[in-house]
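Peer 1: Could you have a look at this structure, given as C-alpha cells, before my questions?
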Ligand SMILES: NC(=O)c1ccc[n+]([C@@H]2O[C@H](COP(=O)([O-])OP(=O)(O)OC[C@H]3O[C@@H](n4cnc5c(N)ncnc54)[C@H](OP(=O)(O)O)[C@@H]3O)[C@@H](O)[C@H]2O)c1
C-alpha cells in the first residue's frame with residue numbers, strides 16, 4: 464500500500480522532447496473502458512477515482528488514445544482531471560474501431576487531422592503535449608502520416624509527436640519528416656523483442672514508453688514468474704516488474720494500466736523500490752531465458768529510496784542542439 468504525497472516521484476523525471484517534464488512512472492488509461500476496450504467501464508465511478516488517485520499519488524503522465532472506448536477514455540480523463548494542472552496527457556490516433564476487440568489502421572492525412580481535432584475537443588485542450596501515431600498505416604506513405612502531424616505541430620495543436628509499435632528504420636524514416644519525441648512499443652520483462660528500439664531511444668534521447676509493462680497482468684497474478692523473488696524480498700511481483708523497467712533505462716516511461724484503485728496504488732508503489740544489483744541481474748537473466756521457473760540467486764530485500772530526484776536538473780531527454788534548432 465502506498466500513501467503520502469507524490470509517491471510516484473522517486474521514479475525520476477524525463478523531459479519529453481526536451482521540454483515537457485514528466486514523472487517517469489505514468490498511468491495507461493486503456494483499462495477504464497468496457498470489455499474489448501469498447502464502451503463504458505463497468506464501474507464509471509471507480510474509473511474516475513483511479514484517474515484522480517493517480518494524480519494524488521504524483522502520476523503526471525497519462526497515456527490514452529481516441530480508440531480506447533472509442534472516446535470513453537479521453538472523456539473520462541476530461542471529466543476527472545480537466546484542466547490538468549501540471550499533468551501531461553499523451554493521446555494517439557490513426558486506428559479505427561468497429562466493435563469490441565476490433566481495430567483497424569487508417570493513416571490518411573485528412574483522417575489524422577480529424578483525430579487530432581476530435582481529441583483536442585474531447586480532452587478540452589488547445590495543444591496536445593504528446594500526440595502519438597498509433598500505428599504507421601502500411602497503405603499510406605509514412606512521410607504523409609508523420610507530415611500531417613508535423614503540420615498540426617506547426618499550427619500549435621500538437622507539442623510533440625510520438626510513434627507506436629515501430630522499428631528502428633521506421634523511426635529513422637519518420638525523423639526525416641519531423642522531430643520525434645517518443646516511441647511506444649510493447650515491452651516488459653517477459654517481452655523484450657524491441658530491445659534494439661529501446662537502445663536507439665537511449666542513444667537519441669527519445670522517451671521509450673513500454674506498453675503492456677506488466678505483460679497484461681501476467682507479471683502481477685499469483686504463480687507468475689516473479690513469485691519466488693517476490694516472496695523472498697517481500698515486494699509484490701508487479702512492483703518488482705515495474706522497478707526492473709525503471710532501472711533498465713533512464714528513458715523508460717512505464718504506463719501500467721488498471722481500472723482499480725487498489726491495483727493503481729500497488730503499481731505506483733514500484734517507484735519506491737530500488738532493486739539490488741543482484742535482483743536486477745537475476746531479473747534480467749530471467750527475461751533473457753524466459754524460463755517459467757528460473758533458479759533465483761539469494762534475494763535481498765529491496766531498499767526504499769530515500770531522496771526524490773530533482774524534477775528537471777540533469778534529467779534524461781534534455782534537448783539536443785539539433786532538436787532545439789528545429
Ligand atoms: N500503443 C499501443 O498499441 C498500446 C497497446 C496496448 C496498451 N497500450 C497502453 O499501455 C497501457 C498499459 O498496457 P496494458 O494495460 O495493455 O497492459 P499492462 O499494463 O501490462 O497490464 C494491465 C493488466 O494488468 C492488470 N493489473 C494491473 N495492475 C495490477 C495489479 N497491481 N495486480 C493485478 N493485476 C493488475 C489489469 O487489470 P485490472 O484493471 O483489473 O487492474 C490489466 O488487465 C494501456 O493502458 C494503454 O495506455 C498501448
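In our numbering, the protein residues as written are 464 to 789. Where a beta carbon is used, it is the ideal one built from N, C-alpha and C, also for glycine.
For the alpha helix (DSSP H) that contains residue 517, what are its first and last residues?
Peer 2: Residue 517 -> alpha helix (DSSP H) spans 507 to 519.
Peer 1: Skipping 5 residues on each side, what residues in its chain have a beta carbon closer than 8 Å to that of residue 474?
Peer 2: Result list for residue 474: 486, 487, 488, 709, 733 and 734, in chain order.
Peer 1: Nearest to residue 644 by CA position, among 695, 482 and 548, is which residue?
Peer 2: For residue 644, the nearest C-alpha among the options comes from 482.
Peer 1: CB of residue 601 to nearest heavy atom of ligand 1: below 8 Å?
Peer 2: No, since every heavy atom of ligand 1 falls outside the 8 Å radius drawn around the Cβ of residue 601.
Peer 1: Report whether the distance from the Cβ of residue 729 to the nearest heavy atom of ligand 1 is below 8 Å.
Peer 2: Under cutoff, so the answer is yes.
Peer 1: Just verifying my parser: in three-state terms, what is the DSSP assignment at residue 634?
Peer 2: Note: residue 634 maps to helix in three-state DSSP.
Peer 1: Find out if the Cβ-Cβ distance for the pair residue 675, residue 690 is shorter than 9 Å.
Peer 2: No; because the gap between Cβ atoms is not below 9 Å, this pair is not in contact.
Peer 1: Given this structure, state the Cα-to-Cα distance separating residue 634 from residue 612, to the nearest angstrom.
Peer 2: Each residue's Cα considered, the two are about 14 Å apart.
Peer 1: Within the same chain, show all residues whose beta-carbon is closer than 6 Å to that of residue 610, passing over the 5 residues directly before and after it, in chain order.
Peer 2: Same-chain partners within the cutoff: 640.
Peer 1: According to the Cβ coordinates, are residue 669 and residue 711 closer than 9 Å?
Peer 2: Contact flag unset, no.
Peer 1: So is the beta-carbon of residue 544 under 8 Å away from any non-hydrogen atom of ligand 1?
Peer 2: No.
Peer 1: Is residue 491 buried or exposed, if buried means 16 or more other CB atoms sit within 10 Å of its CB?
Peer 2: That one is buried.
Peer 1: Helix, strand or coil for residue 730? Go by DSSP, reduced to three states.
Peer 2: Note: residue 730 maps to helix in three-state DSSP.
Peer 1: Measuring alpha carbon to alpha carbon, tell me which of 722, 744, 738 and 671 ends up nearest residue 512.
Peer 2: Ranking 722, 744, 738 and 671 by Cα distance to residue 512 puts 722 first.
Peer 1: I'd like the list of long-range same chain contacts for residue 582, defined as Cβ closer than 7 Å, with 5 residues on each side in sequence excluded.
Peer 2: These residues qualify, in order along the chain: 529, 537, 554, 556 and 591.
Peer 1: Using CA atoms only, rank isn't needed, just tell me which of 743, 637 and 747 is closest to residue 595.
Peer 2: Here the closest residue by C-alpha is 637.
Peer 1: Which word fits residue 479, buried or exposed, when buried means at least 16 other C-beta atoms lie within 10 angstroms of its C-beta?
Peer 2: With 16 or more other Cβ atoms within 10 Å, it is buried.
Peer 1: Would residue 620 be called buried (16 or more neighbouring beta carbons within 10 Å of its own) or exposed?
Peer 2: Residue 620 is buried by the Cβ-count criterion.
Peer 1: Assuming residue 606 is part of the alpha helix (DSSP H), what are its boundary residues?
Peer 2: Looking at the DSSP string, the run of the alpha helix (DSSP H) that includes residue 606 is 605 to 617.
Peer 1: Below 9 Å between beta carbons: does that hold for residue 703 and residue 736?
Peer 2: Yes, the pair counts as a contact, with Cβ atoms nearer than the cut-off.
Peer 1: So the alpha helix (DSSP H) residue 691 belongs to, where does it begin and stop?
Peer 2: Looking at the DSSP string, the run of the alpha helix (DSSP H) that includes residue 691 is 690 to 696.
Peer 1: Who are the near neighbours of residue 785 in its chain, counting only those whose CB is closer than 7 Å to its CB and skipping five residues on each side?
Peer 2: Per-residue confidence for residue 785 stands at a pLDDT of 43, beneath the threshold of 50, marking its modelled position as unreliable; the derived number appears in the next sentence. Same-chain partners within the cutoff: there are none.
Peer 1: When you compare only the Cα positions, how much space is there between residue 470 and residue 602?
Peer 2: Taking the straight line joining both Cα atoms gives about 44 Å.
Peer 1: Ligand 1 and residue 532: does the residue's C-beta get closer than 8 Å to at least one heavy atom of that ligand?
Peer 2: No - ligand 1 has no heavy atom lying nearer than 8 Å to the Cβ of residue 532.
Peer 1: Which of the three DSSP states, helix, strand or coil, is assigned to residue 581?
Peer 2: DSSP places residue 581 in helix when its eight states are reduced to three.
Peer 1: Helix or strand or just coil, what does DSSP make of residue 493?
Peer 2: Coil at residue 493, not helix or strand.
Peer 1: For residue 531 versus residue 559, is the C-beta spacing smaller than 9 Å?
Peer 2: Cβ atoms of residue 531 and residue 559: not closer than 9 Å.
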